[in-house]
Structure formats: structure tokens, C-alpha cells
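Counting in our numbering, the sequence shown runs from -10 upward without gaps.
So the structure is just underneath, and the comments pick up after that.
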Amino acid sequence: MLDREVEKNLLEKAKEDKEAFGIIFEEYFSLILNYIFGRIGLKEEAKDLTEEVFTKALLSIDSYKDRGIPYSNYLIKIATNLVNNFIKKNSKFILKDDIEIEYKEDLLDIEEKKFFYIQKALLKLPLNYQNILTLKIFEKKKIKEIGEILNLNENTVKTILKRGTEKLKKELEKDETFLRDFSL
């Protein structure tokens, strides 16, 4: 992550010199790609959506106003909106039984397997739960940051997080393989 002052300077410079945006792109590309992949589990589509995030960010750079939050949160907000639209349009495709796994099952380490089980269960939940749980579980965002990204107050985030965690746990409990490998 870029230092906030460095980030602010780069963003101001990028308004005049679009090449300065390249540094921001390089710094945050993998963060956004991983976030999107964590939401949809489809590698190529995640790459396409990541490119779209940065295209939208670059096109709106002139009107961007720093509101005291990291630019990465702004990018995640764009990504969240794009992912939500993608999921709405492709839910039957995304919710297939075996989420695209880039490696053979026996080559995945324990954390990667756990990630895929959680990801698969998350995709079965309503979008508001997916949004908040992904930001909390995978992106390690604080309640306040999640609220800023999703335009929700902190109490709403806490409520949805609590309910979403319960629903996620119920989804995971339905998966016998998950229970066997990672007893709850």
C-alpha cells in the first residue's frame, strides 16, 4: 500500500499526467484482482473486471476528490459494484458445484482448500452478505472501512456481518467434505 501522502500526490499528478496513474495501477492491481477473484472464483473474468475497475478509475480521475480514505478503498468500491452486477447477470454460471480451481485438488495446501470452500459457500449468500463478509474475511477490513466502501453506517455493517457469519456457517455445515477437513 502506498503512503497516504504519496498516494494523494500521485492522484493529483495523474489528473494532468495519466502516466502517473500507472504507479497506482501497479501498486493496487493485485489487491483488486485478488478481491474480485475471491468474490467470483473465475480467473479470466476476474482479470477482465479488474481491468474495468482501473479503466473506470482512470476515466473518473479528474472528478476524484480525496475524502480521507485510502484510494484502495475507492477502487474496492468500484470493484464491488462491478462484481455485484456480474454476479446478478451470471449467478447460475458462478454457482456451479465446483468453483474453478487453478490447481489439482491434491496440490492445494490447507489454506487454499479452506479458501475455496468458504468462497463457494459465500457465493450462495445474498450479495449484501457477500460484500461485507468478503471485505472482512479476505480483505481484513475494519467495520469503519467496510461502511465507507459500501456507504453503510457501522451498526448496519455489524448487523449484516453477524447475520452473514451465521448464514455462512450454516452453508459450510451443509458441506460434508468441509466438515471432515475443517471441523467447525
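Ideal Cβ placement from N, Cα and C applies to all residues, glycine included.
Would you mind working out which of the options sits nearest residue i, comparing C-alpha positions?
i	options	result
Gly27	Leu111, Arg169, Val(-5), Arg56	Leu111
Phe171	Asn140, Lys151, Tyr106, Asn144	Tyr106
Lys109	Met(-10), Lys163, Gly11	Lys163
Ile99	Gly30, Ile76, Phe167, Glu8	Phe167
Thr154	Leu141, Gln119, Asn23	Gln119
Ala68	Leu116, Phe43, Asp51, Arg169	Phe43
Leu0	Gly57, Glu41, Leu161, Lys32	Gly57
Ala46	Glu128, Leu64, Lys151	Leu64
Ile126	Glu143, Asn140, Leu150	Leu150
Phe14	Thr145, Leu31, Glu(-4)	Glu(-4)
Return the CA-CA distance between residue i and residue j, expressed in angstroms with no decimal places.
i	j	result
Ile138	Tyr60	10 Å
Lys103	Ala3	39 Å
Leu11	Leu48	With the sequence shown as reference, residue 11 is identified as Gly, and Leu is not the correct amino acid for it. Their Cα atoms are separated by approximately 13 Å.
Ala9	Glu(-6)	14 Å
Asn74	Lys113	15 Å
Gly30	Leu116	15 Å
Would you identify the three-state DSSP class for residue i, choosing helix, strand or coil?
i	result
Ser61	helix
Asp51	helix
Lys163	coil
Excluding sequence positions up to five away, which residues of its chain have a Cβ less than 6 Å from the Cβ of residue i?
i	result
Asn130	Note that residue 130 corresponds to Lys in the displayed sequence, not to Asn. Contacts found: Leu124.
Leu(-9)	Glu16
Only counting the same chain, and skipping five residues up and downstream in sequence, which positions put a Cβ closer than 7 Å to that of residue i?
i	result
Ile25	Ala35, Leu38, Thr39, Ala68, Val72
Leu157	Ala110, Leu111, Leu114, Leu122
Ile132	Glu143, Val146, Lys147
Every unbroken alpha helix (DSSP H) within the region 91 to 139, with a cutoff of 4 residues, ordered by chain
99 to 111, 116 to 126, 132 to 139
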